[in-house]
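So the protein sequences, as listed, match chains A, B, C and D. Each residue of the first sequence is one higher than the last, beginning at 1 in our numbering. Each residue of the second sequence is one higher than the last, beginning at 79 in our numbering. Each residue of the third sequence is one higher than the last, beginning at 157 in our numbering. Each residue of the fourth sequence is one higher than the last, beginning at 297 in our numbering.
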Amino acid sequence: MIIKCFGIAKDITESKDIVINDQHPESVAELRSFLRDSYPSFNKIPEYMVAVNMEYAPDDQLISENDVIAIIPPVSGG
Amino acid sequence: MIIKCFGIAKDITESKDIVINDQHPESVAELRSFLRDSYPSFNKIPEYMVAVNMEYAPDDQLISENDVIAIIPPVSGG
Amino acid sequence: MKTSEIYIGDNDLSIDKAYAFINDNSSGGNCIFIGTARDINKGKMVEKLFFESYEAMAKNEIDKIIKHCFDLYDIKKIGIYHRTGTVNLGDKAVIIAVSSKHRDAAFQACRFAIDKLKENVPIWKKEYLDDGSYWVGSRP
Amino acid sequence: MKTSEIYIGDNDLSIDKAYAFINDNSSGGNCIFIGTARDINKGKMVEKLFFESYEAMAKNEIDKIIKHCFDLYDIKKIGIYHRTGTVNLGDKAVIIAVSSKHRDAAFQACRFAIDKLKENVPIWKKEYLDDGSYWVGSRP
Numbered sequence: 001m002i003i004k005c006f007g008i009a010k011d012i013t014e015s016k017d018i019v020i021n022d023q024h025p026e027s028v029a030e031l032r033s034f035l036r037d038s039y040p041s042f043n044k045i046p047e048y049m050v051a052v053n054m055e056y057a058p059d060d061q062l063i064s065e066n067d068v069i070a071i072i073p074p075v076s077g078g
Numbered sequence: 079m080i081i082k083c084f085g086i087a088k089d090i091t092e093s094k095d096i097v098i099n100d101q102h103p104e105s106v107a108e109l110r111s112f113l114r115d116s117y118p119s120f121n122k123i124p125e126y127m128v129a130v131n132m133e134y135a136p137d138d139q140l141i142s143e144n145d146v147i148a149i150i151p152p153v154s155g156g
Numbered sequence: 157m158k159t160s161e162i163y164i165g166d167n168d169l170s171i172d173k174a175y176a177f178i179n180d181n182s183s184g185g186n187c188i189f190i191g192t193a194r195d196i197n198k199g200k201m202v203e204k205l206f207f208e209s210y211e212a213m214a215k216n217e218i219d220k221i222i223k224h225c226f227d228l229y230d231i232k233k234i235g236i237y238h239r240t241g242t243v244n245l246g247d248k249a250v251i252i253a254v255s256s257k258h259r260d261a262a263f264q265a266c267r268f269a270i271d272k273l274k275e276n277v278p279i280w281k282k283e284y285l286d287d288g289s290y291w292v293g294s295r296p
Numbered sequence: 297m298k299t300s301e302i303y304i305g306d307n308d309l310s311i312d313k314a315y316a317f318i319n320d321n322s323s324g325g326n327c328i329f330i331g332t333a334r335d336i337n338k339g340k341m342v343e344k345l346f347f348e349s350y351e352a353m354a355k356n357e358i359d360k361i362i363k364h365c366f367d368l369y370d371i372k373k374i375g376i377y378h379r380t381g382t383v384n385l386g387d388k389a390v391i392i393a394v395s396s397k398h399r400d401a402a403f404q405a406c407r408f409a410i411d412k413l414k415e416n417v418p419i420w421k422k423e424y425l426d427d428g429s430y431w432v433g434s435r436p
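This is the structure in structure tokens:
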């Protein structure tokens, strides 16, 4: 499972994409837990969103191997 | 006394400026009477404004020989 | 510096020049309104427009609008430009350009300025339709 | 024809090109918003900005905004353009251009689009200040 990282998330993970090879999270909520555990700095930034297949996804959304997952920190375009 | 004419007013008076040589109107109201009498077509257009020295003027404003007077039909810029 | 620019005349209007005037490192929000000659008005085909102005008074009235904008909204620069003479379909009749620190003031001042211009500024539009030409708002 | 145009990328944005896209003989009102890099934000001197986007999703989200604009407002054409990469002070970061028959819809749709873009579109701004660089809204 590949997780795309943008903005501050890329700085925290020090990577454009993070790869989870086995026992990947099965929901957005599990992904958030995984990120908190693996990168404690995620506790220090404002709430971020998660996109699944380029749509904002709620915490209870299930995710699978082939989904395109992205961490979306607070947007600041314009 | 010179009265500047714009838009439909210029069409009605067939003149850019109309000149009143003697017994000129002494107020905006008198000017309106003068125009109705001299050019009956002024009765057929929507209300127009009168400017005295480039400011919109009420009917009771007095006018004198050296004032710059203008007939301002409904504006339609933009 | 709060500055403004006014143009009324027969030359083509340039959005680039208007933007160059309002652009400012201290502004983040810029709003430009462009009024153009439309092909249909109230169901009638329009061939072209013609604008006449009482130029000196029009500049005075636009100056009042600009002063109001600076009083009412936290804006940096404003430019108001109006064509006179013949304006063909699709061509620019008016440009209002406003810059401000934040976008809210730029949008509001730009909207205020075009609304007031249409209400108060002594400029007249003649529409050329297929059955003749008429001064808009003055049709007997 | 109701049409739209989206650009997200590193090239300079052109107001002329945006206007050329929206200009239409059936439109009389055109509203263009230009967001530029401002020199001071929250009391801090800004040296430059850097924008990153999740381009494919950003285009999807902008497309949703455009669909909303066409649903909500009687507009003809809309173009939304956003810079990525380094944006120097005074330079254009975003352009929203809208044309419509009447000005009201153009102003409203333009305002709606920039507000929604700032809320929902996955684009991130990094400010370079004299004490370092920070992702706006994400500062720990």
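Cβ coordinates follow ideal geometry from the N, Cα and C atoms, glycine included. Computed from a predicted model, the values in this text were never measured in an experiment.
Asked: Entirely within the segment 346-402 of chain D and at least 4 residues each: give me those alpha helix (DSSP H) ranges in chain order.; Found: 351-368
Asked: Just grab the DSSP bridge partners of Gly305 of chain D for me.; Found: D:Arg379
Asked: For a contact defined as C-beta to C-beta under 7 Å, what are the partners of Ala262 of chain C on chain B?; Found: Result: empty, since nearest Cβ-Cβ is about 18 Å, beyond 7 Å.
Asked: Of the residues C:Asp287, C:Ile279, C:Asp286, C:Ala174, which one's Cα is nearest the Cα of Gly85 of chain B?; Found: C:Ile279
Asked: Identify the contact partners of Asn356 of chain D in chain A, using a Cβ-Cβ distance below 9 Å as the criterion.; Found: Met54, Glu55
Asked: Which residues of the segment 320-331 of chain D have a Cβ closer than 9 Å to any Cβ of chain C? Give them in chain order.; Found: Asp320, Asn321, Ser322, Ser323, Gly324, Gly325, Asn326, Cys327, Ile328, Phe329, Ile330, Gly331
Asked: Going by other Cβ atoms of all chains shown within 10 Å of its Cβ, with 16 needed for buried, is Ala265 of chain C buried or exposed?; Found: buried
Asked: Beta-carbon of His378 of chain D versus every beta-carbon of chain A: anything under 8 Å?; Found: yes
Asked: I need the DSSP call for Tyr175 of chain C, collapsed to helix, strand or coil.; Found: helix
Asked: Rounded to the nearest angstrom, what separates Thr382 of chain D and Thr332 of chain D at their Cα positions?; Found: 12 Å
Asked: Do the CB positions of Ser323 of chain D and Arg239 of chain C come within less than 8 Å of each other?; Found: no
Asked: Just to confirm the assignment, what range does the alpha helix (DSSP H) spanning Ala193 of chain C have?; Found: Run containing Ala193 of chain C: none; DSSP gives neither H nor E here.
Asked: Could you give the DSSP three-state label for Ser33 of chain A: helix, strand or coil?; Found: helix
Asked: Using a Cβ-Cβ cutoff of 8 Å, what residues of the segment 406-434 of chain D are near chain A? List them in chain order.; Found: Ile410, Leu413, Lys414, Glu415, Asn416, Val417, Pro418, Ile419, Trp420, Lys421, Lys422, Trp431, Val432, Gly433, Ser434
Asked: Using DSSP bridges, identify the partner residues of Asn326 of chain D.; Found: C:Ile190, D:Ser395
Asked: Among A:Ser76, A:Gly77, A:Ile63, A:Asp67, which has the Cα closest to the Cα of Glu30 of chain A?; Found: A:Ile63
Asked: Who are the Cβ neighbours of Asn229 of chain C in its own chain at under 6 Å, not counting the five residues just before and after it?; Found: Reading the sequence as shown, one finds Tyr at residue 229 of chain C and not Asn. Within the same chain, Tyr229 of chain C has close Cβ partners Ala261, Gln264, Ala265.
Asked: Please classify Glu415 of chain D as buried or exposed, where buried requires at least 16 other C-beta atoms within 10 Å of its C-beta.; Found: exposed
Asked: Identify, in the order they occur along the chain, each residue of the same chain with its Cβ nearer than 6 Å to the Cβ of Asp59 of chain A, setting aside the five sequence neighbours on each side.; Found: Val28, Ala29
Asked: Following the continuous alpha helix (DSSP H) through Lys88 of chain B, name the residue where it begins and the one where it ends.; Found: 85-91
Asked: For Met79 of chain B, count the other beta carbons within 10 Å of its own beta carbon; 16 or more makes it buried, fewer makes it exposed. Which is it?; Found: buried
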